[in-house]
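> Residue numbers (the UniProt record's numbering), protein chains in the order written: chain X, 1 to 449; chain P, 1 to 449.
We put the CB at the ideal spot given by N, CA and C, even for glycine.
There are 2 protein chains.
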Amino acid sequence: MIDRKILLAEKDLPQRWYNIAPDLKTPLSPPLHPATHKPLGPEDLAPIFPMALIAQEMTMDPWVEIPNEVMEILKIWRPTPLVRALSLEKALNTKAHIYYKNESVSPAGSHKPNTAVAQVYYNKQEGVKRIATETGAGQWGSALSFACKLFDLECQVYMVRVSFDQKPYRKLLIQSWGGKIDPSPSTITKYGRAVLAKTPQSTGSLGIAISEAIEDTVGREDTKYSLGSVLNHVMLHQTVIGLEAIEQLKSIGEKNPDVIIGCVGGGSNFAGLAFPFLKDKLKGKTNPKVIAVEPMACPTLTKGLFEYDFGDTAGMTPLVLMYTLGHDFIPPGIHAGGLRYHGMAPIVSNLVKDKVVEARAYHQTDCFKSALLFAQTEGILPAPETSHAIHAAIEEAKHAKEGQVIIFNLSGHGHFDLSSYDAYLSNKLEDYEYPMEKIKEALKAVPKI
Amino acid sequence: MIDRKILLAEKDLPQRWYNIAPDLKTPLSPPLHPATHKPLGPEDLAPIFPMALIAQEMTMDPWVEIPNEVMEILKIWRPTPLVRALSLEKALNTKAHIYYKNESVSPAGSHKPNTAVAQVYYNKQEGVKRIATETGAGQWGSALSFACKLFDLECQVYMVRVSFDQKPYRKLLIQSWGGKIDPSPSTITKYGRAVLAKTPQSTGSLGIAISEAIEDTVGREDTKYSLGSVLNHVMLHQTVIGLEAIEQLKSIGEKNPDVIIGCVGGGSNFAGLAFPFLKDKLKGKTNPKVIAVEPMACPTLTKGLFEYDFGDTAGMTPLVLMYTLGHDFIPPGIHAGGLRYHGMAPIVSNLVKDKVVEARAYHQTDCFKSALLFAQTEGILPAPETSHAIHAAIEEAKHAKEGQVIIFNLSGHGHFDLSSYDAYLSNKLEDYEYPMEKIKEALKAVPKI
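1) Kindly indicate the opening and closing residues of the beta strand (DSSP E) around residue 407 (chain P).
2) Report yes or no: is there a C-beta of chain X within less than 7 Å of the C-beta of residue 421 (chain P)?
3) Which partner residues does residue 99 (chain P) have in the DSSP bridge list?
4) Pull up the CB-CB distance for residue 263 (chain X) and residue 385 (chain X), whole angstroms please, since I reckon it's below 8 Å.
5) Quick one: what's got a C-beta closer than 7 Å to residue 195 (chain P)'s C-beta in the same chain, skipping five residues either side?
6) Under 7 Å, do residue 120 (chain X) and residue 147 (chain X) count as touching if we go by C-beta distance?
7) Taking C-beta to C-beta, are residue 51 (chain P) and residue 21 (chain P) nearer than 7 Å?
8) In three-state DSSP terms, what is residue 486 (chain X)?
9) Report the residues of the region 213-242 of chain X with a CB closer than 9 Å to any CB of chain P, ordered along the chain.
10) Can you tell me which of X:429, X:400, X:308, X:414 puts its alpha carbon nearest to the alpha carbon of residue 446 (chain X)?
11) So which residues of chain X does residue 105 (chain P) contact, with C-beta pairs closer than 8 Å?
12) If you follow the alpha helix (DSSP H) that residue 140 (chain P) is part of, which residue opens it and which one closes it?
13) Could you work out which residues of chain P lie near residue 175 (chain X), taking near to mean beta carbons separated by less than 7 Å?
14) Could you compute how far the alpha carbon of residue 466 (chain X) sits from the alpha carbon of residue 45 (chain X)?
15) Tell me the DSSP bridge mates of residue 4 (chain X)?
16) Whole angstroms are fine: how far does the CA of residue 355 (chain P) sit from the CA of residue 113 (chain X)?
17) Can you give me the start and stop residues for the alpha helix (DSSP H) that residue 416 (chain X) sits inside?
18) Contact check, residue 397 (chain X) vs residue 86 (chain X) under 8 Å by CB: the rounded distance?
19) Spell out whether any CB of chain X is found under 7 Å from the CB atom of residue 99 (chain P).
20) Given a cut-off of 7 Å, decide if residue 267 (chain X) and residue 320 (chain X) are closer than it, judged by their beta-carbon atoms.
21) If we cut at 7 Å on Cβ distances, does residue 141 (chain X) have a partner in chain P?
22) Report the rounded CA-to-CA distance for residue 181 (chain P) versus residue 223 (chain P), giving the unit in angstroms.
23) Check the Cβ-Cβ distances between residue 10 (chain X) and every residue of chain P, and say whether any is below 7 Å.
24) Beta carbons nearer than 8 Å to chain P: which residues of the region 378-412 of chain X have them?
25) Any Cβ of chain X within less than 7 Å of the Cβ of residue 149 (chain P)?
26) Mind reading off the beta-carbon distance from residue 269 (chain P) to residue 409 (chain P)? Whole number of angstroms is fine, and I expect it under 8 Å.
27) Along the region 73-88 of chain P, what residues have a CB closer than 8 Å to any CB found in chain X?
28) Check whether the region 425-437 of chain P and the region 364-378 of chain P touch, using three or more Cβ-Cβ pairs below 8 Å as the test.
29) Any C-beta of chain X within less than 8 Å: which residues of the region 305-328 of chain P qualify?
30) Where does residue 298 (chain X) fall in DSSP's three states?
31) Could you tell me which chain P residues have their CB closer than 9 Å to the CB of residue 146 (chain X), listed as they occur along the chain?
32) To the nearest angstrom, report how far apart residue 90 (chain X) and residue 98 (chain X) are at their CA atoms.
33) In chain P, which residues lie with their C-beta within 7 Å of the C-beta of residue 4 (chain X)?
34) Output the boundary residues of the alpha helix (DSSP H) element that contains residue 234 (chain X).
35) Could you tell me which chain P residues have their CB closer than 9 Å to the CB of residue 415 (chain X), listed as they occur along the chain?
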């Protein structure tokens, strides 16, 4: 009898995070100062991040110890189950073995608490009292609110307006854990007020919300900033996902995956699953197909440029070398709010540029269709973001050879996204594909370095 | 290091359900025909239930085999984790060991699929094509919709109006799994139309919704009825919860629980956890305190009569001997919709009457306060129903002796109940306590047998 759920004991939680940086084919290019365009030193980041995280951002150590206090909290929901999708396989009549890493079992319902807990821990260690952040779909904001409550820090969340309006329950979840939340663009920051003055009906974007959270941070002594994706240290903290998955596949004698899939907004859930598997691929020991899936409406990897750009809209963040659609690109209000970001993690960008990772874009209606098939077989109603990974897994499974192993990251559930299922079920969802001319227009904002 | 999560392998899923009926101090009294008041035979139930479930309803076998096909589906989420609430214990500074059985990990987010899957399986075996049911908070409706999809049966859900309006996301979940849903009182059934004619603004009740689902069933050849609580076979299917918990406590060398707690609406999640532990208590081998917790606004066990009464409002169901507030009692629209029921499972009633189980009632604001403490420590935001069990566990833990073992059933999460948290957080929740005169008035509807 094949087990559906492959479980690990708490004692088998990884003790170290895997840092892919030293294993990359092409070394990472340094982030640059937004004004001088000179490579950044730790002191440039000190106003917004604690020193321990700055060190992790730049480290070339291949492994980083996970502090005991962080491990103890991760054990509230980790190790997460690796699940053999037997019912989905049956419905697809596929020859593949489909596995998903179920990150939806965390309190916030996604992979985001993996890094939230670590980040809040290091902030607390350095005496920080309050953390400001942005959130797109609300997954990150709720994860950070939860982590701040556990360590008794204040939490201020700027939530992209379109999600704030579409997802009132995410807002309530953030409040239930004690976080303070405002829609972005807000009237709290100068930058928010400036955006509203220019575009009173602005639905916001992650780039705008990041600018607001950073402005909030630099204006207050007691506050640091926290980012839920994109940065190297965030990718690092997420590698527990793939490290566990490797042990889980080993424990049942399954072979190395042939296909590894994650959806990408900033890149962190994809990185978390894929990077530990990429360690062997980068050394030429294995050769899995590794797919980063993005929405056609925000095609950063598939249609963007690989250039230095700002992470935010106001141009306050360091410049990083990444795929970008231009830092003032505002994607349409698709329901996968967590994938509406103009940029991409520098490490994920590096891997796509070096063709270690393949990028793919899908329309949201196709993804919702696959999400419903998944819910009606495996039970779990996935987040709209996650549905992009599911759709890719299903597409791959359709023409898979006997015994091919496909693994994807079930990055989150959709319990707070049911209004988007409502839109899909009542045929109100639209697909968007950006004409290249409009993308070229947006790309003009990318600074010349 | 103490593990938070005590896990069982899929192969350790119980193979048999435990039937408490033969172990009761006082034998169960037979259900009576609604018109003749004579004891019911299986043929009287045949129009609404498949024969296999009727047999289970009446069996005196102490153990009932779980069919393989049911086990295979239960494994999508079972065995569920038993969790040591270390963070809650720390926050309470209690000497107790608090454990909760996490039934919120099921696809529908509660214990309800345990019986939904079994019931749909037996219906499918006997050629049934469509199942009609009622739902209060929506937990049962979504569980049945999910189970029907897995076995390819149609599902018609009558949802109590107050929940239908308060919980639009539950409705969408039911629809995502393919179920059809209408608010009750509806215009579909004669009974629904009659209620609406009399009370156009009716917020509905479980009793009314049951009447509608039964009317729907008896009017159609292809349809049977399914109930998510109250009946003996439902309690039976839920005993996997307690059977697993016993194995889980044994596996870590923990002693028998001193206190066992579940919230009660119809009684099934309480029964599921408690009955397997009661086996030894009924034989005098152990003597745990076993607490059934209900809302002060619907105090069936604490203020009702132990009499024969109808399960529904229209008087279409058999008469069963139970605690009841009178079959036309309409509780106020509290947020724990699943606990708004005038009656109680005959077996749970029998155990309370015989003082094997203690009943207790709490106000909803106290329960929400405890629910937030739980969410802010253990991470999981509980269903409003479940918060009643949590509140009792916290009250017990406050004056517990060193090493006292408290276990409660975390029957469901509150992801679709965030509007009720909104009401609580914004101080809009009211508590209701029924004056005895009003209860006496309602009890006049209890028929004289």
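Judging by the given coordinates:
1) 405-410
2) yes
3) P:84, P:407
4) 5 Å
5) 185, 202, 208
6) yes
7) no
8) In the structure as shown, chain X begins at 1 and stops at 449. Residue 486 (chain X) is therefore absent and cannot be evaluated.
9) none
10) X:308
11) 105
12) 139-151
13) 425
14) Because chain X here runs from 1 to 449, residue 466 (chain X) falls outside it and cannot be looked at.
15) Beta-bridge pairing links residue 4 (chain X) to no other residue.
16) 45 Å
17) Careful: residue 416 (chain X) lies outside any alpha helix (DSSP H) and carries neither H nor E.
18) Rounded, the Cβ-Cβ distance is 13 Å, inconsistent with contact.
19) no
20) no
21) no
22) 15 Å
23) yes
24) 378, 379, 380, 381
25) yes
26) 5 Å
27) 75, 76, 77, 87
28) yes
29) none
30) coil
31) 375, 376, 379
32) 10 Å
33) 10, 75, 76
34) 232-238
35) 109, 169, 173, 413, 415, 416
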